[in-house]
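These protein sequence lines map, in sequence, to chains Y and B. The first sequence: position 48 = 33 (this note's numbering), numbered continuously. The second sequence: position 13 = -2 (this note's numbering), numbered continuously.
Number of protein chains: 2
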Amino acid sequence: MGGNSEVCRAMPRPQPHERPYHHGDLRRVIVEAALEILRETQSLEFSLRELARRADVSHNAPYKHFADKRELLEAVSAEGFEMLTKRMANEIASFRSPREQLFALLRAYIDHGVENPALYSLMFGGYLTGPNHGRPAIELAAAEKTKVLLAGVIIAGGVGRAVPHTSRNERKIAGAVLACWSLVHGLTLLLADGLVGPNEKSGALADSLVQGLLNGLAAELPVLPPGTWVGPQIPD
Amino acid sequence: MGGNSEVCRAMPRPQPHERPYHHGDLRRVIVEAALEILRETQSLEFSLRELARRADVSHNAPYKHFADKRELLEAVSAEGFEMLTKRMANEIASFRSPREQLFALLRAYIDHGVENPALYSLMFGGYLTGPNHGRPAIELAAAEKTKVLLAGVIIAGGVGRAVPHTSRNERKIAGAVLACWSLVHGLTLLLADGLVGPNEKSGALADSLVQGLLNGLAAELPVLPPGTWVGPQIPD
DNA sequence: ACTGAATGTTGACGCTGACAACTTCATATT
DNA sequence: AATATGAAGTTGTCAGCGTCAACATTCAGT
C-alpha cells in the first residue's frame, strides 16, 4: 500500500537523477510524510529519522524546521485540525437547513476521528499537553478555528431555536455547546478506540445520540453553575 | 513529593543492608513505580530502565515479568481501570438513591480522569490499540468491569424509570448508556486536555450536562437504528 | 562580487528497548 | 541429604533513536 520513496513531489525536481541541494519545501513534505506514516501504521511511534529517510534527506535536516520532535508533532496535530475544519466546512456546504448542517457536521467530526484514529489520538490524546507545556500556540490556533465552527453550527442547528442568542443566555448556550461537543468527542474516541462497535453504523449512532441530547437541551436546558450549585439534590 | 528510593516495601526485607537476590514482588513494584512516574511527570515518555532504577534492580529485570514495554503499559492501564472501578464503587456506596448514585459515580469518573490525565490518556488515548493488536486481554478484562458498573448505575439511576429494563427495550437502553458514557468520557478528556476550563468546577459541570442529557433521554429516547435509519430527516 | 543567513550534511554522544548468556536461589523429586 | 529444574535477577551487547556541534552548499541582498 503506497510506495515508500518518491515522496518528494511538491517540487517539480528538474533533474530526476540529482536532487538540488536545497529541498525547497521540506517542512511541508515532512509533515505530510508524518501524516502518511500515521495513516499507514496507525501508530504514534515513528522516528524523526524515518521521516527524514522518506523525504530523502539527512537525519538532521528536519531540525532546520522543527526545534525538536514535539514541535514536529505539534505541526502534525495542527494539520489534523485544519483537515477536520475543512472537512466539516465542506459537509455543511451541502445542506441548507441549520438542522441538517448540524447533523452533517457532527457526522464529519466523528468520521474524521474513526478514519484516522492515530491522528485523532495525537490531536486529543494529550501527548502534547505535558505538565510544563500547555497546548502549543500553533495547535491552539488551529483548534480554535475548529471550535468556532463547531459552536456556530451547534447554536444555529440545535440550540438557537430553544434559546435565542442573547447575552443573558450566554451561559446556557455555552453549556449546550459543551454538552454537544463532549458527547460527540467521547463517542468518537470510544469508536476510534474500538471500545464501542464498529458493528453499529457510527453515523446513525451519532445522529440518534445527538437527537436525544438536543431533546434534553430543549426540554430543560442545563444551567452552568456560577460555582456553587452541585448536582444530586434533584428530586429523586 | 515522595522519595525516590525505598520503593521496596512489599517484602519485610529481614536485613535492610542487603536486599535478597530475589526481589519477591517485583512485578507489582514496577507497575507502582510506573504509576508514580505518571503522577509525577504526567508524561508517558518514561523508560523501562528508569522504572528498573526506581525499583533498584538491573535494567533487564522487568523483562522477566513483561515481554516488552507495551505489555508493561497494558498492565499499568489495567491498573488504572481497577483504580477507577474501585473509586466509583466507593462513591456510590455513600448514597442510597439510584439518582444520587448515578451523579456520584459520574463525578468520580470525571475526577479520576482530571486528576490523572496521563493515566487516563494511557487508558483511553489509543496508545495500546495499534493496528495489529486490539485491546489486550488484561486491559479488556479490567475495562469490562468498569463498563458493567457504569452501565448498571446509569440504568438504575437515570434510564430505568423511563424505560423498564425489558428485553424489548434493550436497544434503547444500550443507546442511553452509550450516550451517557460518551458525554462523560468526552467531557473528561476535554477537561483533562485543558481544552475546557478549568475555570468551571468540573463536578457541577458534569452534573448539569448529564442532567440535560437525561431529560432528553426521558423526553424522547434515542432509538439505535438497526442499520438503515440515518439522521437528519427530522422536521426542521 | 561578497557577505550572511537559510538550509542540508556529517559525525558524535548518551540513552533506550531488546536479545543472549550467565548467576543465584527456591523448590520438588529422588 | 543431594541434586536437578526452572523462575528470577544480572551483565554484556547491539542497533536505533533524539539531539548537539561543526561543516558544506546555496540563495538573497548589497
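Heads up, the beta-carbon is just placed ideally off N, CA and C, and yes, glycines get one too.
Touching or not, the stretch 89 to 107 of chain B and the stretch 166 to 183 of chain B, by the rule of three or more beta carbon pairs under 8 Å?
yes
Alpha carbon to alpha carbon, how far is Gly98 of chain Y from Ala63 of chain Y? Give it in angstroms, no decimals.
14 Å
Would you mind telling me which residues of chain B sit closer than 7 Å to Thr131 of chain Y, beta carbon to beta carbon, in chain order?
Residues of chain B passing the Cβ test: none, with the nearest at roughly 10 Å.
If I measure Cβ to Cβ from Asp221 of chain B and keep anything under 6 Å in the same chain, skipping five residues before and after, which residues do I get?
Model confidence at Asp221 of chain B stands at a pLDDT of 31, short of 50, so the residue's coordinates are unreliable; what they give is reported in the following sentence. If we look at Asp221 of chain B and ignore the five residues flanking it on each side, it has no Cβ neighbours.
Pick from B:Tyr105, B:Leu90 and B:Leu176: whose alpha carbon is nearest that of Leu20 of chain B?
B:Tyr105
How big is the Cα-Cα spacing for Leu90 of chain Y and Ala161 of chain B?
About 22 Å.
Which same chain residues end up closer than 6 Å to Arg34 of chain Y when comparing Cβ atoms and leaving out the 5 residues on each side of it in sequence?
His44
Check distances from the C-beta atoms of the stretch 162 to 173 of chain B to those of chain Y and list, in chain order, the residues that come in under 9 Å.
Leu163, Ala164, Trp166, Ser167, Leu168, Val169, His170, Gly171, Leu172 and Thr173
Give me the chain B residues within the contact set of Ala222 of chain Y, using Cβ-Cβ distance strictly less than 8 Å, ordered along the chain.
Residue 222 of chain Y cannot be examined here, being either before or after the span of chain Y that is shown, -14 to 221.
Does the count of Cβ pairs from the stretch 138 to 147 of chain Y and the stretch 63 to 83 of chain B closer than 8 Å reach three?
no
In three-state terms, what does DSSP make of Pro5 of chain B?
In the three-state DSSP reduction, Pro5 of chain B falls in the coil class, being neither helix nor strand.
Within the stretch 127 to 151 of chain B, note down every full alpha helix (DSSP H) run reaching 4 residues or more, in order along the chain.
none
Given a threshold of 16 other Cβ atoms within 10 Å of its Cβ, counted over all protein chains shown, does Pro207 of chain Y qualify as buried or as exposed?
With a pLDDT of 48 at Pro207 of chain Y, under the threshold of 50, the modelled position of this residue cannot be trusted; read the value that follows with caution. Its Cβ being crowded by 16 or more others within 10 Å, Pro207 of chain Y is buried.
Cβ of Met(-14) of chain Y less than 7 Å from any chain B Cβ?
Low per-residue confidence applies at Met(-14) of chain Y: pLDDT is 45, beneath 50, and the placement is therefore not dependable enough to give any value.
Flag Thr70 of chain Y as yes if its beta-carbon sits less than 7 Å from any beta-carbon of chain B, otherwise no.
no
Measuring CA to CA, which of B:Gly137, B:Arg156, B:Asp41 and B:Ser32 is closest to Gly9 of chain B?
For Gly9 of chain B, the nearest C-alpha among the options comes from B:Asp41.
Which same chain residues, not among the five before or five after Asn75 of chain B, have their C-beta less than 8 Å away from its C-beta?
Cβ neighbours of Asn75 of chain B beyond the five flanking positions: Ala93.
Interface residues of chain Y around Pro102 of chain B at Cβ under 7 Å?
Near Pro102 of chain B (Cβ distances below 7 Å), the residues of chain Y are Gly111.
Sorted by chain position, which residues of the same chain lie with C-beta nearer than 8 Å to Leu107 of chain B's C-beta, five sequence neighbours on each side aside?
Exclusion of the five residues before and after Leu107 of chain B leaves Leu23, Leu29, Leu58, Val61, Ser62, Gly65 and Leu113 as the residues of its chain whose Cβ lies within less than 8 Å of its Cβ.
Counting along the chain, where does the alpha helix (DSSP H) carrying Ser62 of chain B start and finish?
Lys54 to Ala78
With a threshold of 7 Å between beta carbons, is Thr235 of chain B in contact with chain Y?
Here chain B comprises residues numbered -14 to 221, so residue 235 of chain B is not present and cannot be evaluated.
Does Thr131 of chain Y pass the burial test, meaning 16 or more other C-beta atoms within 10 Å, or should it be called exposed?
If you draw a 10 Å sphere on the C-beta of Thr131 of chain Y, you find 16 or more other C-beta atoms in it, and that means buried.
Just verifying my parser: in three-state terms, what is the DSSP assignment at Glu124 of chain B?
helix
Using a Cβ-Cβ distance under 7 Å, would Leu134 of chain Y count as near chain B?
no
What are the residues in the stretch 22 to 39 of chain B lying within 8 Å of chain Y by C-beta distance?
Thr26, Gln27, Ser28 and Leu29
Cβ of Arg81 of chain B versus every heavy atom of the ligand PLP: is any distance shorter than 6 Å?
What this structure holds is no ligand at all, so the ligand PLP is not there to describe.
At a CB-CB cut-off below 8 Å, which residues of chain B make contact with Gly145 of chain Y?
Neighbours of Gly145 of chain Y on chain B: none; closest Cβ ~12 Å, over 8 Å.
Taking 7 Å as the threshold (beta carbon to beta carbon), is Ser106 of chain B in contact with chain Y?
yes
Using CA coordinates, which residue listed in Y:Gly110, Y:Ala127 and Y:Ala122 is at the minimum distance from Glu67 of chain Y?
Y:Ala127
Does the distance from the C-beta atom of Val138 of chain Y to that of Leu87 of chain Y stay below 7 Å?
yes
Under a three-way DSSP split, which group does Ala40 of chain Y fall into?
coil
Quick check on Gly197 of chain B - is its C-beta less than 7 Å from some C-beta in chain Y?
yes
Just the C-alpha distance for His2 of chain B and Asn117 of chain Y, rounded to the nearest angstrom, thanks.
Caution is warranted here: a pLDDT of 47 is assigned to His2 of chain B, below 50, making its placement in the model unreliable, and the coordinate value is therefore given only provisionally. Going by the C-alpha atoms only, they are around 38 Å apart.
Considering only their Cβ atoms, is the gap separating Thr70 of chain Y from Ile134 of chain Y smaller than 7 Å?
Reading off the sequence shown, one finds Leu at residue 134 of chain Y, where the question assumed Ile. The answer is yes: Cβ separation under 7 Å.
For Leu20 of chain Y, would you say it is in contact with chain B, using Cβ-to-Cβ distances shorter than 7 Å as the test?
no
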